[in-house]
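Student: Sharing a structure, written as structure tokens. Questions coming.
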Amino acid sequence: MEPPAGQHRPHAPPPSLWPVGFAVGIAVLLTGVILGWVVVAIGALLTAIFGFLWVRDVTGGLRTVPDVEPERREVAPPAAPIRADEGGAGMVASSESEIERFPRSKFLEGATLGLGAAIGGVVTAPVLGFAVLPAFRGGEHEEVDVGAVDDFPEKEWMITTFRLDPDLGDVTARTAYVRNNGMLDGRPSFTIVSNRCVHLGCPVQPNGPAEDKGTQFDNKGRPNQVIRVPTKPAGFGCPCHGGQYDTEGNPTAGPPVRALDRFEFSIRGGRLFIGKPYSVGGVRGEAADAVIRRYDHVLPGVHVEGPSALMYPLEPPR
Amino acid sequence: MPRAKSARRQQIERAVLYPLDWLEERSGLIGGVKYFIFRKVPQDIGWPQTLGSATLTAFIVQAVTGAILAMYYKPHPETAYESIRYITNDLTLGWLVRGMHRWGASVFIILMFFHMARVFLYGAYKYPRELNWIIGVLLLALGMFEGFTGYLLPWDQTSYWASVVGININGTAPFLGPFLAQFLQGGAEIGADTISRFYALHMLLLPGALFALIGLHLYLVIRLGVTSPPWSPEAAGRDRAEVAPTTNGRAGLVRPGSRGGLTRTGVRK
Ligand code: HEM
Ligand code: FES
Numbered sequence: 001m002e003p004p005a006g007q008h009r010p011h012a013p014p015p016s017l018w019p020v021g022f023a024v025g026i027a028v029l030l031t032g033v034i035l036g037w038v039v040v041a042i043g044a045l046l047t048a049i050f051g052f053l054w055v056r057d058v059t060g061g062l063r064t065v066p067d068v069e070p071e072r073r074e075v076a077p078p079a080a081p082i083r084a085d086e087g088g089a090g091m092v093a094s095s096e097s098e099i100e101r102f103p104r105s106k107f108l109e110g111a112t113l114g115l116g117a118a119i120g121g122v123v124t125a126p127v128l129g130f131a132v133l134p135a136f137r138g139g140e141h142e143e144v145d146v147g148a149v150d151d152f153p154e155k156e157w158m159i160t161t162f163r164l165d166p167d168l169g170d171v172t173a174r175t176a177y178v179r180n181n182g183m184l185d186g187r188p189s190f191t192i193v194s195n196r197c198v199h200l201g202c203p204v205q206p207n208g209p210a211e212d213k214g215t216q217f218d219n220k221g222r223p224n225q226v227i228r229v230p231t232k233p234a235g236f237g238c239p240c241h242g243g244q245y246d247t248e249g250n251p252t253a254g255p256p257v258r259a260l261d262r263f264e265f266s267i268r269g270g271r272l273f274i275g276k277p278y279s280v281g282g283v284r285g286e287a288a289d290a291v292i293r294r295y296d297h298v299l300p301g302v303h304v305e306g307p308s309a310l311m312y313p314l315e316p317p318r
Numbered sequence: 319m320p321r322a323k324s325a326r327r328q329q330i331e332r333a334v335l336y337p338l339d340w341l342e343e344r345s346g347l348i349g350g351v352k353y354f355i356f357r358k359v360p361q362d363i364g365w366p367q368t369l370g371s372a373t374l375t376a377f378i379v380q381a382v383t384g385a386i387l388a389m390y391y392k393p394h395p396e397t398a399y400e401s402i403r404y405i406t407n408d409l410t411l412g413w414l415v416r417g418m419h420r421w422g423a424s425v426f427i428i429l430m431f432f433h434m435a436r437v438f439l440y441g442a443y444k445y446p447r448e449l450n451w452i453i454g455v456l457l458l459a460l461g462m463f464e465g466f467t468g469y470l471l472p473w474d475q476t477s478y479w480a481s482v483v484g485i486n487i488n489g490t491a492p493f494l495g496p497f498l499a500q501f502l503q504g505g506a507e508i509g510a511d512t513i514s515r516f517y518a519l520h521m522l523l524l525p526g527a528l529f530a531l532i533g534l535h536l537y538l539v540i541r542l543g544v545t546s547p548p549w550s551p552e553a554a555g556r557d558r559a560e561v562a563p564t565t566n567g568r569a570g571l572v573r574p575g576s577r578g579g580l581t582r583t584g585v586r587k
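Chain order of the listed sequences is H and S. Numbering-wise, the first sequence is residues 1 to 318 according to the numbering used here. Numbering-wise, the second sequence is residues 319 to 587 according to the numbering used here.
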């Protein structure tokens, strides 16, 4: 059946297989981020070639010059002047030169749109800033007192739960595995490993027995701010996706992408204070002799070493 | 054979029609609603084409039950879990409304996928409906984001750690992922700001955006008409059936059959 006159035919582009190659190229490229640079290069090459072919296909119609005469518009000859005291004088047909001037209607149109945009911008900018910026400021916490150094027996692990900000309460509770390594060159040494899995942030558990009850103590006049439970782990394991770590926090199995984060610490007046967290690429050696590859604190799942680390060039401010 | 109407019947009819005429004269709304309800659709559509309306129904159920839950829910780390417990165990019918909202959320997402599968398998995304497919993709993304932000709100162990994992999955996206994650949790750590932020997104921003986009989506559905199935004997681009011009906005709405009416008119051959 012929479509009746004036009826639009669907003018979809003809089928093309190039997008399939393009998609395969991108998939190879992304796989390369895990497998290595050669695969990345192959993927990029495929993407570029098929992308080019695809674009050439799609724009084929645009690049040929159409066989149609350009439309012309005749300019009417200027109307004879009308005397000012006759009817219709206010509505002289505009001549071309007058159109090129900047008539009042155009100015009003621009002014309305421009003013509207300016008002919109003045309202939107602070609102957007308010929605976004606070998330990137004020992330620092004071050091937290977790007890006397003598409460941490040498070579023993303590599951230590504390509040980052006592004013905000339970929602700021964090847990670290703390081990007193004894003295190193006359100064006390501690291993303080965060329990946040560096796969996606679940709480890792000690692989080994933990005592039922711990000791609790108050801080800054608030009850139960710190809880310590002795444990004897052979490593740490994550309940969410099975990530496994040794006692220094090195990943031994599963999806984690680096070693467990650690906390800085300081000792004042015989008490242990937990400070800022930092991220760890890996640890060689053990306890007081450990050599730690230290990085700024980043989110779980973010690579700090190897080609994958290139995907995280910027760190958000805190 | 038309029968003469009794005087009483005519009286009742006039009484019913008066407010409708009043509204039609001042707003044209009756005509608009009629246009929407009695618009032509292809002859050979069936149940699969109702999936969009089913999704819409699920969305409306979510909006209503959600608004009622918001009357009792308290978005703060110290109170959220307790208020959910109170809604579920103590409030009359609270368990029901919460259950509808919780299960309805899954129904909404599942129906969206079924509807999308229908559109895909029927090729209904093709010219001139590409834009409606794109709006649909935005609806899908916003709908899933709605589910993600809602999941945190009960503030129990499952929802807390699932949200930690979900936020950190966003954080692993290349380049801007860490910024996105920090924006989502409202700070360097997940905390009190996270729950109120998720609540505002879940309650206000995302439903508002969904409402607006659904409106656009339906506008395009009505403007472009529903696609015939690929196996339809009708050729694409055929002539449209003549539509009898309506002189009176209300005609056919309360008196089906007088003009247009409830019969499904096929395309003339
Ligand atoms: C909030 C979610 C959504 C609602 C409430 C909704 C609603 C609807 C309704 C009522 C229709 C017309 C009847 C029908 O075909 O079922 C429709 C059509 C359509 N929808 Fe959706 N939809 C939603 C999500 C989506 C998604 C996720 C997609 C695809 C990515 C999509 C793409 C389309 C397209 C292309 C049509 C036109 C189909 C045709 O003309 O045959 N929609 N939608
Ligand atoms: S969060 Fe620990 S293995 Fe995934």
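C-beta atoms are modelled at their ideal positions from N, C-alpha and C, and glycine is treated no differently. Please read all numbers here as calculations on a predicted model, not as lab measurements.
Under 9 Å, CB to CB, which of the residues in the segment 153-177 of chain H have a partner in chain B?
Tutor: The structure shown contains no chain B; its protein chains are H and S.
Student: Could you confirm whether any beta carbon from chain H is found closer than 8 Å to the beta carbon of F497(S)?
Tutor: It does; some Cβ of chain H falls within 8 Å.
Student: Beta carbon of H241(H): closer than 7 Å to some heavy atom of the ligand FES?
Tutor: Checking the Cβ of H241(H) against the ligand FES gives yes.
Student: Roughly how many angstroms separate the alpha carbons of R196(H) and Q205(H), rounded to a whole number?
Tutor: 10 Å
Student: Run down chain H in chain order and give the residues with a C-beta less than 8 Å from the C-beta of V455(S).
Tutor: Near V455(S) there are no residues of chain H at all, since even the closest Cβ is about 16 Å away, more than 8 Å.
Student: Would you mind working out which of P360(S), D362(S), L338(S) sits nearest V351(S), comparing C-alpha positions?
Tutor: L338(S)
Student: Could you check how far apart the C-beta atoms of D145(H) and F273(H) are, in whole angstroms? I think they sit under 8 Å.
Tutor: 6 Å
Student: Rounded to whole angstroms, what is the Cα-Cα separation between F22(H) and G36(H)?
Tutor: If you take the alpha carbons of F22(H) and G36(H), they lie about 20 Å apart.
Student: Leaving aside the five residues before and after R294(H) along the sequence, list all residues of the same chain whose C-beta is less than 7 Å from its C-beta, in chain order.
Tutor: Listed in chain order, the non-local C-beta contacts of R294(H) below 7 Å within the same chain comprise Y278, V280, local neighbours out to five positions each way being set aside.
Student: Going by DSSP, what residue range makes up the beta strand (DSSP E) through I155(H)?
Tutor: Reading the sequence as shown, one finds Lys at residue 155(H) and not Ile. No beta strand (DSSP E) contains K155(H), which DSSP labels as neither H nor E.
Student: On the DSSP bridge list, what partners appear for A253(H)?
Tutor: Q244(H)
Student: DSSP state of Y443(S), grouped into three classes?
Tutor: coil
Student: Which of helix, strand or coil does DSSP assign to F102(H)?
Tutor: coil
Student: Does the structure place the segment 379-389 of chain S close enough to the segment 150-165 of chain H that three or more beta carbon pairs sit under 8 Å?
Tutor: Taking 8 Å as the limit for Cβ pairs, the verdict is that the segment 379-389 of chain S does not touch the segment 150-165 of chain H.
Student: Output, in sequence order along the chain, the residues in the segment 470-481 of chain S whose CB is closer than 8 Å to any CB in chain H.
Tutor: W479
Student: Taking CB distances under 8 Å as the criterion, tell me whether G301(H) reaches chain S.
Tutor: yes
Student: By the DSSP assignment, the alpha helix (DSSP H) with N189(H) in it spans what residues?
Tutor: For clarity, residue 189(H) is Ser in the given sequence; the question names Asn instead. Element bounds for S189(H): not the alpha helix (DSSP H) but the beta strand (DSSP E), 187-194.
Student: Can you round the beta-carbon distance between V544(S) and I363(S) to whole angstroms, since I take them to be within the 8 Å contact cut?
Tutor: 6 Å
Student: Rounded to whole angstroms, what's the CA-CA distance from R515(S) to P15(H)? Just pull it up for me.
Tutor: 45 Å
Student: Among V38(H), L45(H), I34(H), which residue has its Cα nearest to the Cα of V24(H)?
Tutor: L45(H)
Student: Would you say M434(S) touches the ligand HEM, meaning its beta carbon is less than 7 Å from a heavy atom?
Tutor: yes
Student: Is H535(S) near the ligand FES, in the sense that its beta carbon is under 7 Å from a heavy atom of that ligand?
Tutor: no
Student: Could you check which residue in I267(H), A290(H), L260(H) has the C-alpha nearest to that of D296(H)?
Tutor: L260(H)
Student: Tell me where the alpha helix (DSSP H) around D57(H) begins and ends.
Tutor: Element bounds for D57(H): 37-58.
Student: Is the Cβ of I487(S) closer than 8 Å to any Cβ of chain H?
Tutor: yes
Student: So, does the CB of F438(S) fall closer than 8 Å to a CB anywhere in chain H?
Tutor: no
Student: In this structure, does DSSP put G526(S) in helix, strand or coil?
Tutor: When DSSP states are grouped into helix, strand and coil, G526(S) belongs to the helix group.
Student: Can you round the beta-carbon distance between F426(S) and T373(S) to whole angstroms, since I take them to be within the 8 Å contact cut?
Tutor: 7 Å
Student: Please report the straight-line C-alpha distance between N488(S) and A499(S), rounded to a whole angstrom.
Tutor: 6 Å
Student: Closest Cβ-Cβ distance between P316(H) and chain S: below 8 Å?
Tutor: yes
Student: Does DSSP put V319(H) in a helix, a strand or coil?
Tutor: Chain H is shown from 1 up to 318; residue 319(H) falls before or after that span and cannot be answered.
Student: Following a CB-centred definition, is Y443(S) positioned closer than 7 Å to any heavy atom of the ligand HEM?
Tutor: yes
Student: Just to make sure I have the definition right: I need the residues of chain H whose C-beta is within less than 7 Å of the C-beta of V483(S). Which are they?
Tutor: L200, G201, C202, C240
Student: Express the C-alpha separation of W451(S) and W340(S) in angstroms, rounding to a whole number.
Tutor: 38 Å
Student: If you count every other CB in all the chains shown that lies within 10 Å of the CB of Q216(H), and 16 or more means buried, which is it?
Tutor: exposed
Student: With C-beta atoms as the reference, is E396(S) less than 8 Å away from G169(H)?
Tutor: yes
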